[in-house]
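Peer 1: Okay, handing you the structure first.
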Amino acid sequence: MLDALYQDCSDIVIRRFRIGGVTDAVLVYIEGLSDTGLIDQHILAPLMRTDAADADKNGDKGRTVPVDETASVAQTSGVRTMAELNSQIFDGSPVVLVDHSDAGTAFGLAKWEKRSVEEPMAESVVRGPREGFTETIRVNTSMLRRRIKSYRLKLKTIQIGAYTQTKVALAYVDGIAEPALIAEVSARIERIEIDGILESNYIEELIEDNPFSPFPQLSTTERPDVATAALLEGRVLVMVDGSPFVLIAPTTFTTILQSPEDYYQRFLIGSVIRWLRYFFVLVALLAPSLYVAVVTFHQEMIPSRLLLTLVRSREEIPFPALAEAMLMEITFEGLREAGVRLPKQVGAAVSIVGALVIGQAATAAGLVSSPMVMVVAITGIASFLLPQYSGGIALRMLRFPIMLLSGFLGLLGLTLGFILIYVHLCSLRSFGVPYLSPVAPLSGSELKDVLIRAPHWMMRSRPSLYVKRNKRRLPAGQKPEPPKGEERM
């Protein structure tokens, strides 16, 4: 059966041998996924040297040979079907089958090449941990175990994909995460039927509430510290084997705008940086549209001297402000994507130098005005301030329809576009949690981690958006106080 099943699979090794020279057995493993040195040392050598005479004294050949006790391997499991055997060997676990036995034994000796733990490139911080998740799910779960040293951290593994059989781990802290949330996330994942899962975005698109929204309804992170913080807030992680990006459910719009470094700096600095980020989010979304609307329809809003400067810069431009803005924005987005796709050695140089050269050449050729180049540059810089790449893409994409509305209707169109986006955000849900909470609906007690980054001793309870029980995070009286009277140094 094995020879027929694995025909033309040259990397699958089927090794026939005898236990103690008496009982026929076969060892099955995949070369490159299992540690062949440990197989020879801890499986084949002990089994082939064992005395099988006692095992056959009852005339039941091979049935009582203690394979899992003879081999010196800690992790073993039983294999009773061909499907289980296939799953074990493709996970890297060699399987021993013994003649006249109705079950085989799988040994945990998986070993394959994997990327070492490195700092995440997309979520770099000045102060904070420097390690990130890898493509190996067991390495990622071990990082969580190292941070949360409690049996309450649960890891539920599901295999998805008819051909890939990809391991998907659901992680949560029992006693903090809501049972209804755990059940909902688990149910959405278990009903997935697909031929293969290659990245966590496959799962994200199949379990999110509104697949047609440009805004991400699950956060993604490569940082174990961010994932651990989400677990302690009562949220659920979805980890996919083969992807370093971990999904966090549920999520809100405010969490997408927050950086892990907000909590590693002093709370005053973190609050100021957070407000700066909020301001530049509006700049990234509305700055080109505001410029187009004012220049096209509302020149009376511009101070006289600035208006004269704009008129002089635009007097030889053949295009209206809308076409000028669309041309520059599309060119800038193309340069940004080119910088991402090119090799690292030349990508940054091409994106920066290309923007400077093209902007200068376009201005000198009279295709665009200098103020427009400055507005597009500021907008591009503002879009880089968003910590979540997926959230930044959503704002970059929505910038274009708002620009069109502003070019045809002026400030009325800009206001209409902003209201439509706001209404859409109010209608979104992430596993039952309103996307704009705690701002809409308003929850005053939760604003201490939205409008500002309150000090840690003030955030005594977990967010009520995710947790209905076990809300206390730390007791009262944790505020540091200077020594009094004679105790003062």
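For what it's worth, the working numbering labels the leading residue of the sequence shown as 1187, then goes sequentially.
Every residue gets a Cβ at the ideal spot worked out from N, C-alpha and C, and that includes glycine.
1. Opposite ALA1355 in the DSSP bridges: which residues?
2. At which residues does the alpha helix (DSSP H) containing PHE1401 begin and terminate?
3. In whole angstroms, what separates the C-alpha of VAL1199 from that of VAL1214?
4. Alpha carbon to alpha carbon, what distance is there between SER1556 and ALA1550?
5. So is GLN1546 buried or exposed if we call it buried at 16+ other beta carbons inside 10 Å?
6. Going by Cα to Cα distance, which pick from ALA1563, GLU1379 and THR1440 is closest to GLY1577?
7. Are THR1482 and GLY1552 touching if we call contact CB-CB under 9 angstroms?
8. Report the three-state DSSP secondary structure of ALA1348 (helix, strand or coil).
9. Classify ARG1333 as helix, strand or coil using the three-state DSSP reduction.
10. Could you have a look at GLU1523 and say whether DSSP puts it in helix, strand or coil?
11. By the DSSP assignment, the beta strand (DSSP E) with VAL1432 in it spans what residues?
12. VAL1478 to THR1327, Cα distance in whole Å?
13. ARG1421 to ILE1503, Cα distance in whole Å?
14. Whole angstroms is fine: what's the gap from SER1629's alpha carbon to THR1437's?
15. Could you tell me the alpha carbon to alpha carbon distance between ARG1491 and MET1560, rounded to whole angstroms?
16. My output table needs one value for GLY1578: the three-state DSSP class, helix, strand or coil.
17. Check for me: the beta strand (DSSP E) holding ALA1626 runs from which residue to which?
18. Are LEU1572 and ILE1442 closer than 9 angstroms when you measure CB to CB?
19. Does the count of Cβ pairs from the segment 1381-1390 and the segment 1342-1362 closer than 8 angstroms reach three?
20. Under DSSP, the alpha helix (DSSP H) around SER1556 begins and ends at which residues?
21. Take every Cβ of the segment 1376-1385, pair it with every Cβ of the segment 1596-1615, and state whether three or more of those distances are shorter than 8 angstroms.
22. Specify, as a first and last residue, the run of the alpha helix (DSSP H) that VAL1312 falls within.
23. Mapping DSSP to helix, strand and coil, what is GLY1599?
24. Could you give the first and the last residue of the continuous alpha helix (DSSP H) run that contains ALA1415?
25. Within the same chain, show all residues whose beta-carbon is closer than 7 angstroms to that of GLU1217, passing over the 5 residues directly before and after it, in chain order.
26. Could you compute how far the alpha carbon of LEU1367 sits from the alpha carbon of PHE1617?
27. With 16 as the cutoff for other CB atoms within 10 Å, does ASP1288 come out buried or exposed?
28. Roughly how many angstroms separate the alpha carbons of LEU1341 and ALA1348, rounded to a whole number?
29. Please report how far the alpha carbon of PRO1566 lies from the alpha carbon of LEU1472, in whole angstroms.
30. One question on the structure: do GLY1593 and ALA1511 come within less than 9 angstroms of each other, judged by their Cβ atoms?
31. Ignore the nearest five residues each way along the sequence and tell me which others in ARG1338's own chain have a CB closer than 8 angstroms to its CB.
32. With a threshold of 16 other CB atoms inside 10 Å of the CB of ARG1235, please say whether the residue is buried or exposed.
33. For ALA1296, which of helix, strand or coil comes out of DSSP?
34. ARG1658: buried (16+ other C-beta within 10 angstroms of its C-beta) or exposed?
35. Check whether the Cβ atoms of SER1399 and ALA1416 lie closer than 9 angstroms to each other.
36. Between ILE1229 and ALA1257, how many whole angstroms is the CB-CB distance? I'm expecting something under 8 angstroms.
Peer 2: Looking at the atomic coordinates:
1. By one-based count along the sequence shown, residue 1355 stands at place 169. BP columns for ALA1355 point to THR1343 and MET1425.
2. Within the sequence shown, the letter at position 215 stands for residue 1401. No alpha helix (DSSP H) contains PHE1401, which DSSP labels as neither H nor E.
3. The residue labelled residue 1199 in the question sits at position 13 within the sequence shown. The residue labelled residue 1214 in the question sits at position 28 within the sequence shown. As the crow flies, the alpha-carbon of VAL1199 is around 6 angstroms from that of VAL1214.
4. Locating residue 1550 in the sequence shown gives position 364, where the first residue counts as 1. Locating residue 1556 in the sequence shown gives position 370, where the first residue counts as 1. For ALA1550 and SER1556, the distance between alpha carbons rounds to 9 angstroms.
5. For the purposes of this step, residue 1546 is identified with residue 360 of the sequence shown, where counting begins at 1. With fewer than 16 other Cβ atoms within 10 Å, it is exposed.
6. Counting from one through the sequence shown, the residue named residue 1577 turns up at place 391. The residue with the shortest Cα to Cα distance from GLY1577 is THR1440.
7. Locating residue 1482 in the sequence shown gives position 296, counting from the first residue. Locating residue 1552 in the sequence shown gives position 366, counting from the first residue. No; because the gap between Cβ atoms is not below 9 angstroms, this pair is not in contact.
8. Here residue 1348 corresponds to residue number 162 of the sequence shown, with the count starting at 1. Three-state DSSP puts ALA1348 in coil, outside helix and strand.
9. Residue numbering aside, residue 1333 sits at position 147 when the sequence shown is read from its first letter. Helix.
10. Stepping through the sequence shown from its first residue, residue 1523 is reached at position 337. Three-state DSSP puts GLU1523 in a helix.
11. To locate residue 1432, count along the sequence shown from 1; it is residue 246. Here the beta strand (DSSP E) through VAL1432 covers 1432-1435.
12. Position 292 of the sequence shown, counting from 1, holds the residue named residue 1478. Position 141 of the sequence shown, counting from 1, holds the residue named residue 1327. Rounded to the nearest angstrom, the two C-alpha atoms are 50 angstroms apart.
13. To locate residue 1421, count along the sequence shown from 1; it is residue 235. To locate residue 1503, count along the sequence shown from 1; it is residue 317. Looking at the two C-alpha atoms, the distance is approximately 53 angstroms.
14. As a working note, residue 1629 is residue 443 in the sequence shown. As a working note, residue 1437 is residue 251 in the sequence shown. Each residue's alpha carbon lies about 16 angstroms from the other.
15. Taking the first residue of the sequence shown as 1, we reach residue 1491 at position 305. Taking the first residue of the sequence shown as 1, we reach residue 1560 at position 374. If I take the Cα positions, the gap works out to 18 angstroms.
16. Counting from one through the sequence shown, the residue named residue 1578 turns up at place 392. Three-state DSSP puts GLY1578 in a helix.
17. Counting from one through the sequence shown, the residue named residue 1626 turns up at place 440. That residue, ALA1626, is in no beta strand (DSSP E); it is neither H nor E in DSSP.
18. For this step, residue 1572 is matched to residue 386 along the sequence shown. For this step, residue 1442 is matched to residue 256 along the sequence shown. Yes. Within cutoff.
19. yes
20. Stepping through the sequence shown from its first residue, residue 1556 is reached at position 370. Per DSSP, SER1556 belongs to the alpha helix (DSSP H) from 1556-1569.
21. no
22. Numbered from its first residue, the sequence shown carries residue 1312 at position 126. Premise fails: VAL1312 is in no alpha helix (DSSP H) and is neither H nor E.
23. The residue you call residue 1599 lines up with position 413 of the sequence shown. It is helical.
24. As a working note, residue 1415 is residue 229 in the sequence shown. For ALA1415, the uninterrupted alpha helix (DSSP H) segment begins and ends at 1410-1418.
25. Within the sequence shown, residue 1217 is the residue found at index 31, counting from 1. So the qualifying residues of the chain are ASP1197 and VAL1199.
26. For the purposes of this step, residue 1367 is taken as the residue at position 181 of the sequence shown. For the purposes of this step, residue 1617 is taken as the residue at position 431 of the sequence shown. About 7 angstroms.
27. Taking the first residue of the sequence shown as 1, we reach residue 1288 at position 102. Burial state of ASP1288 is exposed, judged by a 10 Å Cβ sphere holding fewer than 16 other Cβ atoms.
28. Translated into positions along the sequence shown, residue 1341 becomes position 155. Translated into positions along the sequence shown, residue 1348 becomes position 162. Using only the alpha carbons, I get a separation of about 22 angstroms.
29. On the sequence shown, position 380 is the one that residue 1566 refers to. On the sequence shown, position 286 is the one that residue 1472 refers to. Looking at the sequence itself, residue 1566 is Gly, so the reference to Pro does not match. So the two alpha carbons sit approximately 12 angstroms from each other.
30. Position 407 of the sequence shown, counted from the start, is the residue given in the question as residue 1593. Position 325 of the sequence shown, counted from the start, is the residue given in the question as residue 1511. Going by C-beta atoms, GLY1593 is nearer than 9 angstroms to ALA1511.
31. Position 152 of the sequence shown, counting from 1, holds the residue named residue 1338. Once the five neighbours on either side are set aside, the close Cβ partners of ARG1338 are VAL1359, ASP1360, GLY1361 and ILE1362.
32. As a working mapping, residue 1235 is identified with position 49 in the sequence shown. When all chains shown are included, ARG1235 counts as exposed.
33. For the purposes of this step, residue 1296 is taken as the residue at position 110 of the sequence shown. Residue state, collapsed to three classes: strand.
34. For the purposes of this step, residue 1658 is taken as the residue at position 472 of the sequence shown. Flag for ARG1658 reads exposed.
35. Residue 1399 sits at position 213 when you count from the first residue of the sequence shown. Residue 1416 sits at position 230 when you count from the first residue of the sequence shown. With a cutoff of 9 angstroms on beta-carbon distance, SER1399 and ALA1416 are scored as not near each other.
36. By 1-based counting over the sequence shown, the position of residue 1229 is 43. By 1-based counting over the sequence shown, the position of residue 1257 is 71. 5 angstroms between Cβ atoms; contact.
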